[in-house]
Amino acid sequence: MAEVNMPRLSDTMQEGTITRWLKQVGDEVKRGDVLAEVETDKANMEVEAYDAGILEQVLVQEGETVPIGQVIAIIGSGAKTHKGGQSKKVSVTKQPGQTPAVQKDVAVEQPSVFAGISAQQNGIGTNGVFIKASPLARRMAEEHGIDLLQVKGTGPGGRIVRDDIEDFIEQRAISSPTAVQPQPEPVGVAPTGISEVSMGDAEIVTLTSMQKTIARRLTESKQTVPHFYIGNEIDMTEALKLRQELNAALSEEGIKISVNDLIVKACALALEKFPEVNGSYKDGQFVLHKKVNIGIAVDISSGLVVPVIRDVNTKGLRTIAREAKSLVAKAQTGKLTATELDGGTFSISNLGMMDVTDFVAVINPPQAAILAVAATRKTFVPIDDQPVIREIMHVTLSADHRILYGATVARFLKEIKHLLQNPFLLLV
Amino acid sequence: MAEISFRQVLNDTLREEMHRDENVFLMGEEIGVFEGSYKITAGLLKEFGAKRVVDTPIAENGFVGMAVGAAMLGLRPVVEIMTFNFIALAIDEILNHAAKIYYMFGGQTPVPMVIRTPGGGGQQLSATHSQNLEAWFAHIPGLQVIAPSTPADAKGLLRTAIRNNNPVLFLEHLALYNNKGEVPEGDYTIPFGQAKVTKEGKDLTVISYSRKAAIAHEVASRFERENKLSVEVVDIRSLRPLDRETLVNSIKKTGRAIVFEEDWRSYGVGAEIVATLQEDAFDYLDAPIKRVASLEVPLPYSKPLELAALTGVQELEDAINALAPRRRRR
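From first to last, the protein sequence lines are chains W and Z. Residues in the first sequence are numbered consecutively from 349, following our numbering. Residues in the second sequence are numbered consecutively from 10, following our numbering.
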């Protein structure tokens with residue numbers, strides 16, 4: 349008999365939602381068969397079987413969210429097939445088997461017990477989520493106000509043990525020192541008056557895994573990364589001209605280079621010159637990445653994803669355009685893989701097509717910076733003291749002040765400006 | 010304090026108690042002229058005479074029964090059973106007489122007797138002469154079961170046993186007799202029902218008694234010297250009454266425990282301790298408690314097989330390494 353656990357499918361994944369079971373209870377399963385589809389914080393992925401046999405029990409129903417490591421199904425000989433198994437009645441019993449005539453020192457594995465956590469206890473929905481945690485870990489979580497769903501269990505069978513709670517407390521202390529001590533209520537202000545009044549009229553929307561991750565990661569970023577912002581205006585007239593010419597020439601190949609592709613390429617070349625912008629601040633050290641992997645923020649119906657184009661500095665515009673197009677398409681259909689989402693060293697958020705004049709973006713840790721790109725607009729600019737119409741684009745770089753300083757960022761932006769205003773440089 | 014062997018401290022204590030109280034007398038097989046199979050009673054026949062150091066026939070049920078009768082009439086017999094294994098012949102006297110009379114006869118007479126006996130394996134004495142049967146006796150209400158691991162504890166606990174008005178099984182271990190240790194001088198006693206933290210630690214607790222408690226102490230001390238894990242050792246010393254409080258306090262500190270016993274694993278002292286801890290310290294447990302015990306086989310005579318069957322240093326080290334919490338590993 350083998351347990352199928354909720355796998356860890358990305359760096360930041362803490363829980364997954366079963367969106368669809370592709371195998372039903374009683375089905376024969378071979379190694380490598382896809383058992384279910386899982387929605388993680390980043391993408392929809394597949395859970396494969398590591399063991400062959402009969403799918404005996406399905407312990408997590410479609411739509412339910414469970415932490416990584418939790419048992420979601422049991423594959424066995426078929427003797428214990430539970431049709432329509434209810435997740436609340438999980439009991440994993442060992443086969444009685446033959447009792448060995450001789451026993452020594454071998455701790456007989458006790459049947460795993462998933463203690464139920466009620467909604468009141470741990471803020472979980474009523475769809476029955478079971479968390480395996482040692483009694484000590486459970487008590488510590490309660491004392492420290494920790495939601496066990498947020499904790500990754502590293503004990504046997506994914507059990508949450510004291511180590512994991514201590515890790516969590518440590519990480520929480522590092523990432524948000526203020527969160528540990530509740531802020532005093534301001535005197536004289538009726539507490540939560542507004543929310544109480546409006547609660548009745550509001551619709552409560554449950555977050556998807558991805559939305560939860562966005563909320564968590566961006567809060568973390570704004571609370572722990574000292575952001576500062578520097579803007580610049582870039583004359584895109586030449587770049588747009590070049591783009592038009594390139595696209596005309598490449599139209600037969602079906603390749604269309606976007607403004608964003610030009611910006612990606614310009615950033616890649618600039619990042620090679622300014623390794624700190626392509627770095628990370630980590631534990632009191634600067635980590636300067638050798639690879640230039642640029643994430644591009646993609647708007648999707650349920651939130652936002654940032655797929656990554658790798659080694660951008662070594663790629664030509666043609667390749668960048670093709671890869672970007674494919675990543676955006678995958679993002680919109682939820683088909684991005686974990687590797688396509690990991691490893692970014694810099695990000696670009698482009699709201700140019702939305703007619704945005706100016707905006708700032710939130711850094712995507714552990715990256716050091718993100719470039720916010722606004723719309724390109726026809727603007728009168730003085731050239732030789734005469735008003736001339738040029739295509740002006742506003743950009744703002746949000747930077748982590750622990751690794752980046754004003755002058756560096758200013759020079760970095762100036763380099764991008766230089767490249768985009770002399771766009772033939774992007775071709776060599 | 011003087012360094013004295015376990016064997017010598019037992020001999021000294023018996024002598025001192027016989028001087029202190031003329032009602033104290035000894036009975037057993039070959040304890041007089043031969044001075045005992047393990048020389049615990051050396052010199053005592055010469056010193057106290059045949060009335061107080063009685064060589065008995067090879068008939069455990071007979072002389073344990075005599076001891077019960079003597080105790081009922083006000084004497085304080087200290088009986089030696091040559092090895093723990095022979096006690097089976099006297100079970101009825103212990104279970105149905107010694108442990109019951111005070112209760113069944115309305116408290117008319119206590120039964121202040123001590124049965125001393127060495128148990129344990131490792132001496133190539135084979136299946137019928139190497140057993141650990143303490144769980145049988147610790148199971149019986151009305152009996153007190155004591156199993157020291159150091160000469161100092163042997164002194165303090167044997168005195169308490171002889172002066173105690175209940176029948177006491179005082180368990181010795183063949184492999185401890187030559188162990189030396191510092192022993193407090195004077196009229197030193199240790200109350201029953203008090204476990205002892207023989208080494209402080211914070212990563213996990215090893216709970217043990219008798220010879221295995223001595224081994225656990227050595228292993229834990231070595232781990233500390235080698236800057237490995239910080240292992241706490243609790244020697245329960247007294248199997249009945251059991252000191253639950255000290256055990257629970259240790260678990261509150263470490264969250265994890267191993268019970269290390271020479272006995273067979275099933276239905277043993279370890280099982281009782283595990284049950285106690287889950288009753289009294291459930292909220293402090295971070296992992297299932299491990300039992301490290303001996304193979305459930307009659308102990309073989311062959312040295313390699315005997316070693317393979319008995320649990321020991323290696324098994325304990327493996328269990329400690331397997332159970333230690335991730336963050337505490339260095």
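Think of the CB as a built atom: it goes at the ideal place given N, C-alpha and C, for glycine as much as any other residue.
For G424(W), the nearest candidate out of A550(W), G505(W), D389(W), V352(W) (CA to CA) = G424(W) has its Cα closest to that of V352(W), out of A550(W), G505(W), D389(W), V352(W).
Residues near L357(W) in its chain [Cβ-Cβ closer than 6 Å; skip 5 each side] | Closer than 6 Å at Cβ, skipping near neighbours: T388, M393, A686.
Verify the CB distance criterion: does V509(W) have a CB-CB separation below 9 Å to chain Z?
-> yes
From S275(Z), V243(Z), I13(Z), F15(Z), residue whose alpha carbon lies closest to that of N141(Z) | S275(Z)
Interface flag, L773(W) vs chain Z, CB-CB below 9 Å | The beta carbon of L773(W) does not come within 9 Å of any beta carbon belonging to chain Z, so the residue lies off that interface.
Classify N392(W) as helix, strand or coil using the three-state DSSP reduction.
-> strand
Quick one, are the C-beta atoms of V268(Z) and V301(Z) less than 9 Å apart?
-> yes
State the DSSP-derived secondary structure class of I642(W), mapped to helix, strand or coil.
-> strand
Across which residues does DSSP place G754(W) in a beta bridge pair?
-> DSSP, once it has assigned bridges, lists no residue as partnering G754(W).
Tell me where the beta strand (DSSP E) around R125(Z) begins and ends.
-> 123–128
If R249(Z) sits next to V154(Z), beta carbons under 8 Å apart, how far is it from one beta carbon to the other, in whole angstroms?
-> 5 Å
Buried or exposed for K765(W), please, with buried defined as at least 16 other CB atoms from any protein chain shown within 10 angstroms of its CB.
-> buried
Can you tell me where the beta strand (DSSP E) with P730(W) in it begins and where it stops?
-> 717–731
Counterpart residues of P735(W) in DSSP-defined beta bridges = P730(W)
Whose CA, out of Y577(W), L775(W), P735(W), lies closest to the CA of I711(W)?
-> Y577(W)
Does the Cβ of T554(W) have 16 or more other Cβ atoms within 10 Å, making it buried, or fewer, making it exposed?
-> exposed
Option nearest R759(W) by Cα separation, candidates V708(W), E593(W), D609(W), P623(W) | P623(W)
Nearest-angstrom beta carbon gap, V654(W) and I644(W) [assumed within contact, 8 Å] = About 7 Å separates the Cβ atoms of I644(W) and V654(W), confirming a contact at the 8 Å cut-off.
Provide the residue(s) that pair with S746(W) in DSSP beta bridges, ordered along the chain.
-> Y577(W), I718(W)
Out of curiosity, what's the CA-to-CA distance linking L116(Z) and P297(Z)?
-> Rather than Leu, the amino acid found at residue 116(Z) in this sequence is Gly. Going from the Cα of G116(Z) to the Cα of P297(Z) covers about 43 Å.
Using the Cα positions of L167(Z) and A421(W), report the straight-line distance between them to the nearest angstrom.
-> 58 Å
Is it true that the CB of L761(W) sits closer than 9 Å to the CB of N595(W)?
-> In this structure, L761(W) does not lie closer than 9 Å to N595(W) by Cβ.
C-alpha gap between A68(Z) and R338(Z), whole angstroms | Roughly 54 Å between the two C-alpha positions.
Taking 9 Å as the CB-CB cut-off, is L294(Z) touching chain W?
-> yes
Presumed contact (8 Å Cβ cut-off) between N70(Z) and D30(Z), rounded CB distance | Contact flag wrong, Cβ pair sits at about 27 Å.
S247(Z), buried or exposed, once every other Cβ within 10 Å from all chains shown has been counted against 16 = Buried, because 16 or more other Cβ atoms sit within 10 Å of the Cβ of S247(Z).
How many angstroms separate the CA atom of F175(Z) from the CA atom of V77(Z)?
-> The question names Phe, yet the displayed sequence has Asn at residue 175(Z). Cα-Cα distance, rounded: 11 Å.
Please confirm if the region 748–756 of chain W is in contact with the region 620–636 of chain W, defined as three or more CB-CB distances below 8 Å between the two stretches.
-> yes
Please report how far the alpha carbon of A709(W) lies from the alpha carbon of R565(W), in whole angstroms.
-> So the alpha carbons of these two residues sit roughly 13 Å apart.
State the Cα-Cα distance for the pair G37(Z) and I171(Z), rounded to the nearest angstrom.
-> 16 Å
Any non-hydrogen atom of the ligand ZN within 8 Å of G651(W) CB | You won't find the ligand ZN in this model; it holds no ligand whatsoever.
The region 222–239 of chain Z / the region 52–62 of chain Z touching (three or more Cβ pairs under 8 Å) = no
Note down the Cα distance separating P448(W) from V283(Z), rounded to an integer number of angstroms.
-> Residue placement at P448(W) is poorly supported in this model, since its pLDDT is 41, which falls under 50; the coordinates are not used for a value here.
If we call anything under 9 Å between Cβ atoms a contact, is P127(Z) one with E39(Z)?
-> no
Does any CB atom of chain W fall closer than 9 Å to the CB of G131(Z)?
-> When Cβ-Cβ separations below 9 Å define contact, G131(Z) makes no contact with chain W.
Quick one: does R335(Z) have its CB under 9 Å from some CB of chain W?
-> yes
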